[in-house]
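Quick note: the sequence shown uses this note's numbering, first residue 1165, plus one each step. For each residue, glycine too, the CB sits at the ideal point set by N, CA and C.
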Amino acid sequence: MSTLAPDRAAGAEPTASNRQPKAVWAVAFASVIAFMGIGLVDPILKPIGEQLHASPSQVSLLFTSYMLVTGVAMLITGVVSSRFGAKKTLVAGLAIIIVFAALAGLSDTVTQIVGFRAGWGLGNALFIATALATIVGAASGGVARAIILYEAALGIGIATGPLLGGVLGGISWRGPFFGVSVLMAVALVSIVVLLPEGPKPTHHTSITAPFRALRHRGLLTVSLTALLYNFGFFTLLAYTPFPLDMGTYAIGFIFCGWGILLAFSSVFLAPRLQRRFGSLPMMGLSIALFAADLAVMAAFAEHKPVLIIGTVLAGLFLGVNNTLITEAVMISAPVERSTASAAYSFVRFAGGAAAPYLAGKLGEHSVALPFWVGAACTAGAVLVLVAGRAALAHIDDHDPAPHSVTEAEAITVGD
């Protein structure tokens, strides 16, 4: 059973089955702000490189340091949250992001920004793993509905992040960093005010728990699948602004369109496609379509309209896959939700941390090569998913929208 589940009882009860407690909305709002940080820097990648005299691969280290620390720090999130509780862990994560985002805005070199983004990654890890488990434990309507809410927050954050980054980046490349710091402060206040202090955790998670969780082939399969398609995902996110070679506002609007489609497909398309065709077939298809999209972008890498359309269209495929793969993580192994989330995030973030730097380095030699490598890695994710499908055969053996927290807990523990 998840140590975060008691938070559900501590929060205000919804007045109807389709309404959520205030605590859920507080965490969801904070998640929106947190996920803004992912795409917020996209519009300012080129300005940072130009003004601080850095190459694309050097600038891409902003993503690599962030992802590497996020992934490794995921190993301690369960330890921290199981000892101090969800609220304290969320507040600590947000506070760390506030400090390091502000320091990044005050930086004078790319090396400094890369270092402060690493600190940002620590706060991000504490927040993300705990936020997902908190929403799943506190939301009414069960695991599926909670994950849709979480993915909606992710989509809104990713969609508005580049837009805000473009607006603030038009003033100065420092603007988006200060913007994140201010918005995170607002999110922190909302968590402090609206999220009730849950009962003191009675079960302490071991730092080795995520590694033990990966012994379950289903969770390992999902994690490796995510690692490989993350190469494509972060190639799209961290490298595409360079061949597009457009202004901060234009890049912001392009990635805003990508985020809008991601949010739409996460919330509206994924549940319908899951009910009709099943989770595994739709995960495989959405990843395969994303690989094909990257391949088309590689073949026409010199044509900006193709890159723009390919970037925006990728949101559809990624949105469907993100929702389904996140739900699969929650029910693929008989372990606590927070432990499953930490194990999954460790593999996909730490393992995929090289992708942004590799894409930037390859792009210095050939504009199309990063997209080809991203497409190949993403196609490899499909092969991993197919090879491990037997261990995931049970993920559709439950009601996709269970209506009680007890049932959600049972699904997490396993069949």
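- Distance between T1542 and F1395, taken at the CA atoms: about 7 Å.
- With a threshold of 16 other beta carbon atoms within 10 Å, P1469 falls short and is exposed.
- The three-state reading of DSSP puts Q1184 in coil, since its state is none of H, G, I, E or B.
- For A1194 against I1371, the beta-carbon gap comes to about 25 Å, at or over 8 Å, which does not count as contact.
- The beta-carbon distance between Y1508 and S1224, rounded to whole angstroms, is 24 Å. This is too long to meet the 8 Å contact definition.
- Residue nearest to V1548 within the set M1447, G1411 and F1419 is M1447 (criterion: CA-CA distance).
- Taking C-beta atoms as the reference points, A1492 and A1293 fail to come closer than 9 Å.
- A distance below 7 Å between beta-carbons, with the five flanking residues on each side excluded, links R1381 to the following residues of its chain, in chain order: G1552 and A1555.
- A check of alpha carbon separations from N1486 across R1501, K1525 and F1428 identifies F1428 as the nearest.
- Shortest Cα-Cα distance from V1233 to any of N1288, G1524 and S1221 involves N1288.
- When the beta-carbon positions are compared, G1538 and L1400 come within less than 9 Å of each other.
- Non-local C-beta neighbours of A1377 in its own chain, meaning closer than 7 Å and more than five positions away in sequence, comprise L1383, A1497, V1499, T1503, A1504 and A1507, ordered along the chain.
- In its chain, beyond the 5 residues on either side, V1223 have a beta carbon closer than 6 Å to the beta carbon of G1213.
- Residue burial annotation: S1345 is buried, with at least 16 other C-beta atoms found within 10 angstroms of its C-beta.
- Annotated as distal: P1220 and E1466, with beta-carbon spacing of 9 Å or more.
- Bounds of the alpha helix (DSSP H) holding S1443 are S1443 to A1463.
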